[in-house]
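Here the structure comes first, spelled out in structure tokens, and everything after it is commentary.
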Amino acid sequence: MPEALQALNNGVPISWYLILSAIIFALGVAGFLFRRNIITVFMCIELMLNAVNLSFVAFSNQHKQVAGHIFTFFVMVVAAAEAAVGLAIILTVFKNRETLNIDEINSLKN
Amino acid sequence: MQNLWLIPALPFLGFLINGILGKKLPKMVINAVAVGSVVLSFLLVLNIWMSAGDLAANPIQQHYFTWIQSGEINIGWDYAVDKLTLIMLMVVTGIGSLIHIYATGYMAHEEGYYRFFAYLNLFMFFMLNLVLGGNYLLLFVGWEGVGLCSYLLIGFYFVKKSATTAGNKAFIVNRIGDFGFSLAMFLIVVNFGTLDFNKVFAAAPGKSTETLTAIALLLLLGAAGKSAQIPLYVWLPDAMEGPTPVSALIHAATMVTAGVYMCTRSAVIFTHAPVAMETVAIMGLATAVFAATIGLTQYDIKKVFAYSTVSQLGYMFLGVGVGAFSAGVWHLVTHAFFKALLFLGAGSVIHACHGEQDMRHMGGLRKYAPISMAVLACASLAIAGFPGTSGFFSKDAILTAAYAHAPWMFWVGVITAGMTAFYVWRAFWMTFWGEYRGHGHPHESPWSMLAPLVVLAFLSIAGGFLFNVPKILEGMFPLAEEVPGEATLMGISIAAGLAGIGVSYYMYVVNRKLPQQIADSLGGLYRLVYDKYRVDELYDATVVNPVIAGSRSLLWKVMDQGVIDGAVNGVGTEAQLAGGWLKMLQSGNIRSYATWVVLGAVALLVLIGVAEGVTR
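These protein sequences, in sequence, are chains D and L.
In terms of my numbering, the first sequence opens at residue 1 and continues consecutively.
In terms of my numbering, the second sequence opens at residue 1001 and continues consecutively.
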């Protein structure tokens, strides 16, 4: 693939990063929608966040601006906090209900 | 420089103290506050009376603050004192003080003692405000306020159904009059751009007769409500449900004369509206005769005096209507003396007979209550127009003016004077002569009640000399015409009064079977008069019941329950229904929520894409 190698020589084009980011995000969404285990769902959320981080960094590099990096750091901080809180919630839920099946945790129903 | 605001402020302070703290205060303190505040006001008025100088040339005007400022309308809290106001102030505070003193004795054993005096002081505040007010709106504030106090005090014995009903009736009938007063004020604002007395009266002669007639007639409607004239007099006889001092102060001496005061105050408007003047005179005369005939037949002593009040107020309006404003005010003053005395004396008699009000169960009281008898005799002489008494001068002034205006009015007035003398002396004979027909032992009243009576008796006799109102008011109103043969007219009215006294003496002392025979021979006519011409029944049938029925069937069942409740409940039901549908979305299933989020995001993206495509 000479064109592809050519492109690599000139640096990876932004569209590649964006496509990768979109794929990862879509995987995260799909996992969030179709998996039933809370831990998996939780990991899918992390996946989506990081997909977004990837596009932030890509744009930041493309435009030679630092804003994208800063956003990324913010997202990471929030993600860390969310992981701490979220895991605590998951632990508590498991202690009380002895299940991690997300379909059975529906006490907010109607 | 007098502080006019102190005059109404003192009773108001008394009202606040007694109204808020009265429940815990001892009676001595309540008495001191209630009576003291009014007496202090009286002394202030007396001070003005002594030191005011020439009020005709420079009346006292005091502006305290701007009350309402809207567009071109500027209404201030202004108090003004001219001679007319001063006379009214003297009457209100003077008689008010006496009646407050009397009430401390009369109400001594009543429940709600402090409440009574709080209301009475509040009434004084509003009445003084009415009299002192320098514009129509301030007068109206007092006007409404005294109406409120009248309502509260008529219904003072609120556990009695008839008392609360009477209070309601007084209040509602007065609403009709106040409606007219309000319209009159609106007309004044539209045509004059101000409500200030001085400005309105200065501009009034330049306005068209039609405008002034409309204003005057609407003002008259207000006056007819407050001063109990045909067709709105029906509330006053019922108002006698209140305690007797209230009847004396509010429903005889002061509040009910507010209409006369207001018409006299608006003399400039009335004199430029001849049609309205004629209406005033005829209304007054008709009321005077009408009420006097009812008074002939009543047995409740307070009812007799109530109809007498209506009749005498008619006299005052007759005076105003024929252009003798000062004569009308003169009668207002003397009437305040002798009618307050009649009511207070009646109160003393009722007190003596342990609460009995029916004259058929009284009689022979001259042995038990000689002082009450003496003072009531003074009042009865005055109201009968006995020569030299106060009532004689004022009544004669009105009748002479009526003769100058139209002789037939004089003759009707004379007949009324005869009837007045008859029914008042009928009450006198029935109460004090013959033998006692009630139960228990009648007794004379305490001195706290008798002392004011004696003062009022003196005023009833000598008030005509002491307060020569036409002389005091000289120059304020156009002079009455000189009538040839005035002495003859005077003689005729004196004769009518004496005849009334004589006939009543014959019928109720000498030949006591006669009244019953006359009543029997008149049959239906007598019963019609005894039933007060069944005016209440007529009003019930034509106004009250249709209004109640309409309110019940249309306003309540259709409008309130159907339309308003229907709308409110309908909104509630609809919201519940919508909620029932929307709650389906809340499944509790996290993955379905997530699906909605994703779908929403996708929809948003598509929308943005489409919008981009359109703009591009």
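Built from N, CA and C at the ideal position, the CB exists for glycine as well.
Please state the DSSP three-state secondary structure of residue i.
i: Trp1143(L); result: helix
i: Asn1121(L); result: helix
i: Gly1019(L); result: helix
i: Asn106(D); result: coil
i: Asn61(D); result: helix
i: Asn996(L); result: Outside the shown range of chain L (1001 to 1616) lies residue 996(L), about which nothing can therefore be said.
i: Gly1180(L); result: helix
i: Gly1133(L); result: strand
i: Ile1230(L); result: coil
i: Leu1473(L); result: coil
i: Thr1334(L); result: helix
i: Phe1156(L); result: coil
i: Glu1444(L); result: coil
i: Glu1435(L); result: coil
i: Ala1384(L); result: coil
i: Gly31(D); result: helix
i: Tyr977(L); result: Nothing can be reported for residue 977(L): it is not among the residues displayed for chain L, which extend from 1001 to 1616.
i: Cys1353(L); result: coil
i: Lys1161(L); result: helix
i: Tyr1368(L); result: coil
i: Thr1400(L); result: helix
i: Val12(D); result: coil
i: Gly1600(L); result: helix
i: Gly1363(L); result: coil
i: Pro1478(L); result: coil
i: Gly1193(L); result: coil
i: Gly1485(L); result: coil
i: Thr1615(L); result: helix
Can you give me the start and stop residues for the alpha helix (DSSP H) that residue i sits inside?
i: Ala1324(L); result: From DSSP, Ala1324(L) is part of no alpha helix (DSSP H); its letter is neither H nor E.
i: Ile90(D); result: Ala67 to Arg97
i: Trp1411(L); result: Pro1407 to Phe1432
i: Asn1511(L); result: Note, Asn1511(L): premise wrong, no alpha helix (DSSP H); not H, not E.
i: Asn1003(L); result: Note, Asn1003(L): premise wrong, no alpha helix (DSSP H); not H, not E.
i: Asn1198(L); result: Phe1197 to Ala1203
i: Ala1223(L); result: Thr1209 to Lys1226
i: Leu1236(L); result: Trp1235 to Asp1238
i: Ala1248(L); result: Thr1244 to Ala1248
What residue range is occupied by the uninterrupted beta strand (DSSP E) comprising residue i?
i: Asn1589(L); result: Unbroken run through Asn1589(L): none, as it is neither H nor E.
Spell out the partners DSSP gives residue i in its beta bridges.
i: Ile1301(L); result: Paired residues: none, contrary to the question.
i: Asn37(D); result: Asn101(D)
i: Asp1358(L); result: Asp1300(L)
List, in order along the chain, the chain A residues whose C-beta lies closer than 9 Å to that of residue i?
i: Ser55(D); result: Reference to chain A is not applicable here, since the protein chains of this structure are D and L.
> Quick one, which residues of the segment 72-104 of chain D are near chain L if we go by CB-CB under 9 Å, in chain order?
Replying inline: Ile102 and Asp103
>> So within the segment 1021-1109 of chain L, which uninterrupted beta strand (DSSP E) runs reach at least 3 residues, ignoring any that extend past its ends?
In response: 1060-1070 and 1073-1081
> What residue ranges within the segment 1520-1595 of chain L form continuous beta strand (DSSP E) runs of no fewer than 3 residues, ordered along the chain?
Replying inline: none
> For the segment 1597-1616 of chain L, which residues have a beta carbon sitting closer than 8 Å to at least one beta carbon of chain D?
Replying inline: Val1598
> Enumerated in chain order, which unbroken segments of the alpha helix (DSSP H) with a length of 4 residues or greater are wholly contained in the segment 1255-1313 of chain L?
Replying inline: Qualifying alpha helix (DSSP H) stretches, in chain order: 1258-1265, 1267-1271 and 1274-1297.
>> Taking beta-carbon pairs under 7 Å, can you tell me which members of the segment 8-29 of chain D lie near chain L?
In response: Val29
> If you measure beta-carbon to beta-carbon, which residues of the segment 32-49 of chain D are closer than 7 Å to chain L?
Replying inline: Phe32 and Leu33
> Quick one, which residues of the segment 1575-1588 of chain L are near chain D if we go by CB-CB under 8 Å, in chain order?
Replying inline: Lys1583, Met1584, Gln1586, Ser1587 and Gly1588
> Of the residues that make up the segment 1553-1567 of chain L, which ones have a beta carbon closer than 8 Å to any beta carbon in chain D?
Replying inline: Within the segment 1553-1567 of chain L, contact with chain D at the beta-carbon level (separation under 8 Å) is assigned to no residue.
>> Any C-beta of chain D within less than 9 Å: which residues of the segment 1165-1192 of chain L qualify?
In response: Taking 9 Å as the cut-off between beta carbons, none of the residues of the segment 1165-1192 of chain L comes near chain D.
>> To be precise: take each residue of the segment 56-68 of chain D, compare its Cβ to all Cβ atoms of chain L, and keep it if any distance is under 8 Å. Which residues remain?
In response: none
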